[in-house]
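First comes the structure, then the notes that go with it.
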Amino acid sequence: MNVTQKELSHLIFLADVVMNGKKKVMMEETLQCLIYIVKSIHEIELPDNVVEQMHLHIEKIEEQLRSENDRLQEIQHNLAQPNQRKPLG
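Here the sequence shown stands for residues 13 to 101, numbered as in my numbering.
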């Protein structure tokens with residue numbers, strides 16, 4: 013099944029509304045639609061400035077995920093050693 017340019021443009025419009033309007037309740041559905049599209053594409057050509065912006069966003073996402081993961085590991089480590097905890101500092 014093919015998706016028309018009109019349908020893609022409408023999805024882009026909806027994604028912009030959700031993102032810019034901070035409509036968190038609709039973010040999951042929006043991301044799922046975009047993921048379906050991206051998974052169906054094997055290769056695309058994009059302008060250099062778009063690729064640069066994507067790389068910046070990817071770096072930011074990876075950095076945030078690593079930071080959260082490090083913090084979770086620290087918490088788990090501290091919980092695994094109850095005798096060494098200092099609950100009040």
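The beta-carbon is built from N, C-alpha and C at its ideal position, and this holds for glycine as well.
{"Query": "Pair within 7 Å by beta-carbon distance, T42 and V30", "Result": "yes"}
{"Query": "M38 (DSSP reduced to helix, strand or coil)", "Result": "helix"}
{"Query": "Presumed contact (8 Å Cβ cut-off) between C45 and L23, rounded CB distance", "Result": "6 Å"}
{"Query": "C-alpha gap between M38 and D28, whole angstroms", "Result": "11 Å"}
{"Query": "Whole-angstrom distance between N14 and I87, CA atom to CA atom", "Result": "48 Å"}
{"Query": "Range covered by the alpha helix (DSSP H) that runs through E75", "Result": "60 to 92"}
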